[in-house]
Structures are given as C-alpha cells and as structure tokens.
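K.L.:
Numbering (our numbering), first residue to last: 172 to 555.
(1) Among the residues of its own chain, which have a CB less than 8 Å from the CB of residue 304, if the five just before and after it don't count?
(2) Using the Cα positions of residue 275 and residue 324, report the straight-line distance between them to the nearest angstrom.
(3) Give me the Cβ distance between residue 429 and residue 393, rounded to the nearest whole Å; I'm assuming they're in contact under 8 Å.
(4) List the endpoints of the continuous alpha helix (DSSP H) containing residue 399.
(5) Assuming contact is defined by CB atoms lying nearer than 9 Å, are residue 376 and residue 499 in contact in what I supplied?
(6) Between 411, 254 and 277, which lies nearest to residue 238 when the distance is taken from Cα to Cα?
(7) Out of 245, 485 and 439, state which residue places its alpha-carbon closest to the alpha-carbon of residue 520.
(8) Using a Cβ-Cβ cutoff of less than 7 Å, which residues in the same chain neighbour residue 296 once the five nearest sequence positions on both sides are dropped?
(9) Could you spell out the range, first to last residue, of the alpha helix (DSSP H) harbouring residue 225?
(10) Would you identify the three-state DSSP class for residue 431, choosing helix, strand or coil?
(11) Please look up how many angstroms separate the CB atoms of residue 361 and residue 467, rounded, as I've assumed it's under 8 Å.
(12) Classify residue 502 as helix, strand or coil using the three-state DSSP reduction.
(13) Checking the sheet assignment: what are the DSSP bridge partners for residue 366?
(14) Quick check on residue 442: buried or exposed, where buried means 16 or more other Cβ atoms within 10 Å of its Cβ?
(15) Tell me residue 514's beta-bridge partners as DSSP assigns them.
(16) Distance check for residue 453 and residue 462, CA to CA, integer angstroms please.
(17) For the pair the segment 329-343 and the segment 404-418, tell me if three or more CB-CB distances fall below 8 Å.
(18) Suppose contacts are defined by Cβ-Cβ distances below 9 Å. Is residue 464 in contact with residue 327 by that definition?
(19) Identify which residue in 353, 436 and 368 has its Cα closest to the Cα of residue 513.
(20) With residue 366 and residue 469 assumed to form a contact (beta carbons below 8 Å), what rounded beta-carbon distance in angstroms separates them?
(21) Could you name the residues that DSSP lists as bridge partners for residue 436?
(22) Can you list, in chain order, the residues of its chain with a C-beta nearer than 8 Å to that of residue 322? Leave out the 5 residues immediately preceding and following it.
(23) Which of the three DSSP states, helix, strand or coil, is assigned to residue 485?
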C-alpha cells in the first residue's frame with residue numbers, strides 16, 4: 172500500500188492533492204446528475220450496482236415488516252431456538268461450512284412471498300437520486316448509520332471511477348487519496364484495519380440476519396459479490412477489450428446466482444463475500460481500501476442482525492452502538508493480518524460467491540494444496 176505519508180515524501184504534495192481532486196470529480200459529477208464513466212461505458216452494470224443499495228434498503232424494510240406481523244411469532248421462537256444452538260457451539264459460524272444458512276429459514280413463508288419482488292428491484296432502472304433517500308425511509312436506522320452507509324457507497328463508486336478513468340494515470344496515488352478523504356470524516360467512516368471477528372460473531376444478536384432470513388442475506392451478499400468482483404477485474408484486466416469481456420462475464424455470473432429453481436435459490440452465496448476471498452489482487456494492492464470495504468459489509472450484516480432479532484427494546488440505539496464500534500479506529504482491531512485471512516478464507520471461495528471470473532463449480536473447503544493451487548482462475552498476469 173502507498174500511504175499518504177509515503178506519497179508526500181516521494182512526490183510534491185501539490186501533485187497528490189491534484190490526484191485526490193481528480194479522484195473525487197466523478198463522484199461530484201454523479202451527485203450533480205451527470206453520467207459517470209461507469210454509466211457511460213457499462214450502463215447495465217451501473218444499474219445492478221445501484222440496485223445493490225435499493226435491495227439492501229428493501230431487505231431491511233421487509234425485516235421490519237416481518238417482525239411487526241402478528242403471524243411472525245412462531246418464526247421468531249424458531250429463530251431464538253436456533254441462535255441458542257449456535258451459541259452453545261462456542262465458535263464463529265461465519266466463514267464456515269454455512270450449514271445453518273439453509274435457504275429454508277424460520278420466516279420462510281414471508282421470504283418466499285417477498286423474494287420475487289426483490290428480484291424485480293434488482294432489474295429495475297434506478298438513479299442515484301432515487302437511491303439516496305431509500306434507507307432514510309426505514310424508521311429503525313438512526314442518522315449516523317444512514318450517513319455511514321451512504322459515505323461507504325460513495326467511496327466504492329470513487330474506487331471504480333478511478334480505475335475506469337483513463338485521465339487518472341497514477342491509480343495507486345489516487346486510491347490512497349480516496350482512502351484518506353474517506354477517513355477524514357471520522358464519525359462516518361469505518362476503520363481501515365480489519366475489525367475483530369468478535370464484533371461480527373459474538374455480539375448479543377449475532378447470526379439473526381442470516382439465520383432468520385437466509386434468502387434475503389443471500390441476495391444482498393450476491394450483490395456485494397458483484398461489487399467486489401468488479402474491483403478485481405478492473406485492477407487486473409490488461410486491456411479495454413479484456414475488461415469488456417470480463418464485465419460481460421461478471422454480469423452473466425451474477426445473473427446465474429439469482430436464478431430460482433424449484434421455488435428457491437440454489438446458487439446464492441451462503442457466506443459474506445470479502446476482498447481477500449473474491450478480489451485477492453485488489454486486496455494485495457490496496458489493503459486499506461479492502462479493509463474498509465469488508466468492514467462496511469460486515470457492518471451491514473450486524474445492522475441486519477439487530478433488525479432481525481425479536482423484541483429489542485431500543486433498536487435505533489442498538490444500531491448506533493454497532494456503528495460506533497465499526498467507526499472506532501482504535502478498539503477491536505485485528506492486528507494480525509494472517510489471522511484475518513484465516514478467518515475470512517476458511518469458508519472457501521465458492522460459498523462466498525466464487526472467483527470474479529468464474530470457473531469454480533463446487534465447494535472448495537478442505538481442498539488439497541493441488542486442488543486449491545489457483546482457485547481464482549483466469550486472473551491476468553499484470554494489473555492495468
């Protein structure tokens with residue numbers, strides 16, 4: 172990683188500031204209503220990425236409506252029983268075999284009725300102006316959570332634009348500037364170091380989201396996979412022609428995950444997609460940015476846990492505490508990078524959605540060294 176400090180030592184500060192301003196110009200353009208490079212070059216992909224945030228908002232909304240329904244009491248009791256079983260195991264169930272993430276959750280009737288509409292959301296046309304207020308319409312999300320999620324979305328958009336913009340020639344410095352700009356709002360930015368797995372796995376409402384609503388979580392994780400996989404292909408494609416092919420394949424792979432068979436999904440991720448698993452080249456080149464993306468995604472999962480858990484007296488306050496934990500830059504950090512890698516990789520690449528360029532058709536957990544030598548097939552030799 173090229174830090175801001177190191178860049179300042181090797182280049183004039185004014186040049187870095189110019190790079191930083193260029194990196195954020197596309198985001199400002201999008202906010203002003205003008206088309207981004209992504210929208211101009213890959214309009215279908217841009218629509219799917221906008222749908223990610225719409226989908227997340229609708230999922231949170233449906234969780235609230237489910238818990239408010241008088242007919243959800245049986246499902247809530249089943250959920251609490253299942254969570255008790257997981258707690259007795261005394262080990263993290265994220266990034267594991269994922270057996271508890273069966274697509275037949277305790278609220279299966281609610282999910283089955285709602286998921287066709289959620290699929291419609293994925294393929295509808297959206298604009299950035301329509302996306303921004305959607306999360307705010309959910310009463311349980313406090314302002315600090317709304318701003319943090321919004322800032323995270325803009326950060327990802329900036330990273331994508333940096334790599335698609337031919338005018339940004341020093342990609343590494345531009346990404347470093349984007350990271351520093353993102354972190355400049357301390358209250359609404361997550362840490363650029365991996366958070367301890369206890370924040371995800373050991374909080375009072377852990378696993379409620381994925382266990383109560385496995386189809387909902389799988390849909391949002393598939394959409395997150397698309398976002399992370401895109402970052403992998405843009406940093407590894409060696410030509411515009413290859414990138415065009417990669418993006419087409421990426422969209423096809425994503426669409427395959429959303430196919431319903433026998434009234435259910437069979438290809439949704441059962442594990443949280445993370446950058447070391449789905450975008451190893453991006454992770455190696457930009458670990459700070461990668462950790463931010465992973466922390467943002469796990470924050471969404473933990474917020475989902477709080478929303479899915481029955482009968483929390485002050486849900487907005489509980490969510491505020493979660494956001495505070497993830498935006499804290501000093502506490503609950505995993506200082507050992509290898510420990511973090513072992514945590515996120517133990518569930519396997521397949522369960523998290525598979526490699527960005529496809530090619531993995533069966534679970535890869537417990538593979539031999541020979542089998543797992545290069546599960547990320549078709550990765551380019553040189554980054555762009």
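C-beta atoms are modelled at their ideal positions from N, C-alpha and C, and glycine is treated no differently.
P.N.:
Here's the rundown:
(1) none
(2) 30 Å
(3) 7 Å
(4) 385-407
(5) no
(6) 277
(7) 439
(8) 218
(9) 214-239
(10) strand
(11) 6 Å
(12) coil
(13) 504
(14) buried
(15) In DSSP, residue 514 forms no bridge with anything.
(16) 11 Å
(17) yes
(18) yes
(19) 368
(20) 7 Å
(21) 431
(22) 353, 356, 359 and 360
(23) coil
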